[in-house]
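Colleague:
Numbering (the numbering used here), first residue to last: 34 to 449.
(1) At which residue ranges does the segment 197 to 245 contain complete beta strand (DSSP E) runs of 3 or more residues, listed in the order of the chain?
(2) Would residue 94 and residue 76 qualify as a contact pair, given that the criterion is a beta-carbon distance under 8 Å?
(3) Would you identify the three-state DSSP class for residue 431, choosing helix, strand or coil?
(4) Taking the beta carbon of residue 153 as the centre, do at least 16 other beta carbons fall within 10 Å, making it buried, or is it exposed?
(5) Extract the residue ranges of the beta strand (DSSP E) inside the segment 296 to 378, only unbroken runs of 3 or more that lie entirely within it.
(6) With residue 266 as the anchor, note down where its alpha helix (DSSP H) starts and where it stops.
(7) Hey, how far is the Cα of residue 136 from the Cα of residue 341?
(8) Count the other CB atoms, across all protein chains shown, that sit within 10 Å of the CB of residue 237; report buried if there are 16 or more and exposed otherwise.
(9) Does DSSP put residue 104 in a helix, a strand or coil?
(10) Under DSSP, the beta strand (DSSP E) around residue 64 begins and ends at which residues?
(11) Pop quiz: residue 261 and residue 233 are said to be a contact at Cβ under 8 Å. What is the actual Cβ separation, rounded to whole angstroms?
(12) Nearest-angstrom Cα distance between residue 387 and residue 231?
(13) For residue 436, which of helix, strand or coil comes out of DSSP?
(14) Using 8 Å for Cβ pairs, my map puts residue 269 next to residue 254. What's the rounded Cβ distance?
(15) Looking only at C-alpha atoms, which of 241, 208, 209, 198 sits nearest to residue 222?
(16) May I ask you to verify whether the segment 81 to 89 touches the segment 190 to 209, counting CB pairs closer than 8 Å and requiring at least 3?
(17) Residue 97 and residue 112: beta carbons closer than 8 Å?
(18) Alpha carbons only, please: which of 89, 186, 332, 58 is nearest the one belonging to residue 417?
(19) Could you compute how far the alpha carbon of residue 129 sits from the alpha carbon of residue 44?
(20) Taking 6 Å as the limit between beta carbons, can you name the residues of its chain near residue 519, skipping five residues before and five after?
(21) I need the DSSP call for residue 93, collapsed to helix, strand or coil.
(22) Pull up the CB-CB distance for residue 337 and residue 311, whole angstroms please, since I reckon it's below 8 Å.
(23) Measuring only between beta-carbons, confirm whether residue 328 sits less than 8 Å from chain B.
(24) Spell out the partners DSSP gives residue 82 in its beta bridges.
(25) List the endpoints of the continuous beta strand (DSSP E) containing residue 193.
(26) For residue 205, does the count of other Cβ atoms within 10 angstroms reach 16, so buried, or fall short, so exposed?
(27) Please report how far the alpha carbon of residue 442 lies from the alpha carbon of residue 164, in whole angstroms.
(28) Is it buried or exposed, residue 444, if we count other Cβ atoms within 10 angstroms and call 16 or more buried?
(29) If you reduce the DSSP assignment to three classes, tell me which class residue 164 lands in.
(30) Please classify residue 303: is it buried, with 16 or more other beta-carbons within 10 angstroms of its beta-carbon, or exposed?
(31) Name the DSSP bridge partner or partners of residue 285?
(32) Looking at residue 248: is its Cβ nearer than 8 Å to the Cβ of residue 210?
(33) Skipping 5 residues on each side, what residues in its chain have a beta carbon closer than 7 Å to that of residue 432?
(34) Is the CB-CB distance between residue 369 and residue 414 below 8 Å?
(35) Using the three-state DSSP reduction, which class does residue 385 fall into: helix, strand or coil?
(36) Counting Cβ pairs, one atom from each stretch, are 3 or more of them under 8 Å apart for the segment 349 to 364 and the segment 400 to 415?
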């Protein structure tokens, strides 16, 4: 049974006071770091498993201190960082004393003023939340009028690493090929049975629906790497990516989750895993996060990744992360997509939204989570229209110097 992450994760602060979240007791190290770890620690740790070139070690009492000691000797070591889904349900469970938002002209920063500058260098002490969110902020929405587009027979494959796909009892009817990797890659509305739809439940289904509607003919495959409460960690997510055979890699991969790391360094395991698939030709698109900050969030800030912020009707979304590391932006406010349907048509089988409205297959939701698949829809449309590769589509849709850009949010992309 899925349970809220609060109480099962640890909160840390780096040398500049910036917050991050990690799995308690778990450390990622290279083979050299593992050998040194055996020499310097008295902890009776366990080698949990190999993650690419790394080893995940458990049972470390002082994870942050041990990682710092190993890095001081030039060895690669990090806590097993935790990442969170990026609907506006919760931005990130780390909050900051000095938020700088697009909507706050007196905050000291804006999209045009971000360098990144003093907001990253200024200590922003983490404040652990007193409670985890219990209920989704997705709201019930009526079925939209769906225009009819011919589905291309040569659509690309998009892999969505997320909460999985709604299980059969609650899954909406997609008009295109949308599947899960296996019977285990499903999510249910209320996995902790508390009478609320879990805060990230339906997240993967919603994202799959955005891609399906934006680019008919695209084969969307959903794999579960996040709980219905929105969290996953560096090692587990990397394991899933590393397990994809070279000849089975998708053309495009969607990662609508993000997190912060100690000293703002790239997460070890996911970085290695993404580097491999990009070198083999997959385009990786990730959401930038919803903390209204220019602090780098991962994996979006990796140089190999297309990082995506959110815009609304009036310009930048007030919650979107921003900065020179964000390459593109797309609509992310009030997005309507497919969501849970009531089991057997019985409305009482599905918890209602926060306004006590019943869900019936559609919802409205906001966040950079939903801007990322919008960019993927544009890339897929370009591929189907021209027969180009995913990399060539990136060149035309995102990197063309003649395209409209917002400083701090990159190229404006809107498949509509």
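For glycine and all other residues, C-beta sits at the position ideal for the given N, C-alpha and C.
Nothing here was measured: the structure is a model prediction, and the numbers come from that model.
Modeller: By the coordinates alone:
(1) 211 to 213
(2) yes
(3) coil
(4) Low confidence applies to residue 153: its pLDDT is 43, below 50, so where it sits in the model is not reliable enough to give any reading.
(5) 316 to 320, 338 to 345, 361 to 364, 368 to 371
(6) Unbroken run through residue 266 is the beta strand (DSSP E), 264 to 266; no alpha helix (DSSP H).
(7) With a pLDDT of 37 at residue 136, under the threshold of 50, the modelled position of that residue is not reliable, and the figure given next carries that caveat. Computed Cα separation, rounded: 18 Å.
(8) buried
(9) helix
(10) That residue, residue 64, is in no beta strand (DSSP E); its alpha helix (DSSP H) goes 64 to 73.
(11) 6 Å
(12) 12 Å
(13) coil
(14) Between residue 254 and residue 269 the Cβ distance is about 18 Å, and since that is not below 8 Å, they are no contact.
(15) 198
(16) no
(17) yes
(18) 186
(19) Any answer about residue 129 is weak, because its pLDDT of 37 lies below 50 and its placement is not dependable; what the coordinates show is given next. Cα to Cα, the separation comes out at about 13 Å.
(20) Outside the shown range of the chain, which is 34 to 449, sits residue 519, and nothing can be said about it.
(21) coil
(22) 4 Å
(23) Any reference to chain B falls outside this structure, which holds one protein chain only.
(24) 89
(25) 190 to 195
(26) buried
(27) 31 Å
(28) buried
(29) coil
(30) buried
(31) 191, 316
(32) no
(33) none
(34) no
(35) coil
(36) yes
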